[in-house]
Amino acid sequence: MKTFEIHSARSKDIPQIGTVGLASWERGIAPHVPQAAHDTMNETSFKDFASACLDQIVVAVNKERVLGFIATENSDNFITDLWIDPECESKGLGSALVSETERRIAARGYNTAEISVLAQNERALSLYHHMGYEEVERAKKFHEKLNCEISYIKLRKHLPFYAEEIA
Numbered sequence: 001m002k003t004f005e006i007h008s009a010r011s012k013d014i015p016q017i018g019t020v021g022l023a024s025w026e027r028g029i030a031p032h033v034p035q036a037a038h039d040t041m042n043e044t045s046f047k048d049f050a051s052a053c054l055d056q057i058v059v060a061v062n063k064e065r066v067l068g069f070i071a072t073e074n075s076d077n078f079i080t081d082l083w084i085d086p087e088c089e090s091k092g093l094g095s096a097l098v099s100e101t102e103r104r105i106a107a108r109g110y111n112t113a114e115i116s117v118l119a120q121n122e123r124a125l126s127l128y129h130h131m132g133y134e135e136v137e138r139a140k141k142f143h144e145k146l147n148c149e150i151s152y153i154k155l156r157k158h159l160p161f162y163a164e165e166i167a
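Just so you know, we're using full-length UniProt numbering here: the sequence shown kicks off at 1 and counts up by one.
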């Protein structure tokens, strides 16, 4: 039985997006980056992000509690963020958020969805591979926000055509 709903983020979700984003970052990313990078991340970072691109964020909620969120920051086919509350992992939230975002990407006219994942983030890579994403690139880049070099894997999935419009 599904215990969450998926919908577009609202301004009242921003504080919880900050909390969930940071908790998820601390679990999934922090162990793989230098300690100095930790100082650059806080709830405000995620709240500012959410405020800047709120119309491109989809949330999973249960009784007004944000359990996770996903974003296509630039309104294109690139998934920039997927963060799930660590207490709510492995409950289908990530898959549901990705599926809804794929639908929205296809409705924009794109036939592929893409994402870059920290190479060491095995949980995320497993999710995307399970959902049909294929590796298209491995590279290193300097991440300005974290102020360090990261290794990432770019993934791509060909999308089916979704005829319905976004409500």
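We put the CB at the ideal spot given by N, CA and C, even for glycine.
In the structure shown, what three-state DSSP assignment does residue i receive?
i: E64; result: coil
For the candidate residues the options, whose alpha-carbon lies nearest to that of residue i?
i: N74; options: I57, K63, E87; result: I57
i: R138; options: H130, W83, I153; result: I153
i: V136; options: H143, G28, Y128; result: Y128
i: L67; options: A23, S11, E43, H130; result: A23
i: P86; options: I6, L155, V20, K12; result: V20
i: N121; options: A30, A36, E64, D76; result: A30
i: T40; options: H158, L146, S151; result: L146
Rounded to whole angstroms, what's the CA-CA distance from residue i to residue j? Just pull it up for me.
i: G132; j: I14; result: 30 angstroms
i: L159; j: D48; result: 30 angstroms
i: A51; j: E134; result: Residue identity differs from the one stated: residue 51 is Ser in this sequence, not Ala. Each residue's alpha carbon lies about 31 angstroms from the other.
Runs of alpha helix (DSSP H) wholly within the UniProt domain "N-acetyltransferase" (4-157) (minimum 4 residues, chain order) = Taken in chain order, the whole alpha helix (DSSP H) runs of length 4 or more contained in the UniProt domain "N-acetyltransferase" (4-157) are 14-28, 35-38, 43-52, 93-107, 122-130.
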